[in-house]
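One structure below.
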Amino acid sequence: MDKTVKLNIELGGILREWDPFAVGSDFYDTESADAIYAVHQLDDADQLAARIKEIYEFSFDAELSFENCRPIAVRLLQVKHHSACEL
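Heads up: the sequence shown runs through residues 346 to 432, numbered per my numbering.
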């Protein structure tokens with residue numbers, strides 16, 4: 346399996362577990378895809394957290410705190426960087 350595909354699957358799993366609006370993990374497919382794209386584009390946790398916040402707030406028309414988004418952004422970037430270091 347391609348390295349990027351493996352990474353995307355792992356990132357998607359993390360995002361599905363997150364469930365920031367407590368609606369169930371099956372309701373975030375579009376947002377997860379957008380957030381995964383953002384992970385590939387950004388390397389700064391604060392920028393990624395802000396982007397994730399925008400994505401989820403736009404889709405659910407509900408406010409999400411930056412403080413709620415930052416830990417998931419850090420975790421996603423850790424997985425991304427760990428994946429880049431694997432041989």
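We put the CB at the ideal spot given by N, CA and C, even for glycine.
A Cβ-Cβ contact shorter than 8 Å links Phe411 with Ala394. Just so you know, the alpha carbons of Gln423 and Asp406 end up roughly 28 Å apart.
Just measuring C-alpha positions, the residue of Cys430, Glu408 and Leu352 sitting nearest Ala378 is Leu352. Here the alpha carbon of Phe366 sits roughly 15 Å from the alpha carbon of Ile359. In summary, Lys398 is buried, with 16 or more beta-carbon neighbours lying within 10 Å of its beta-carbon over all protein chains present.
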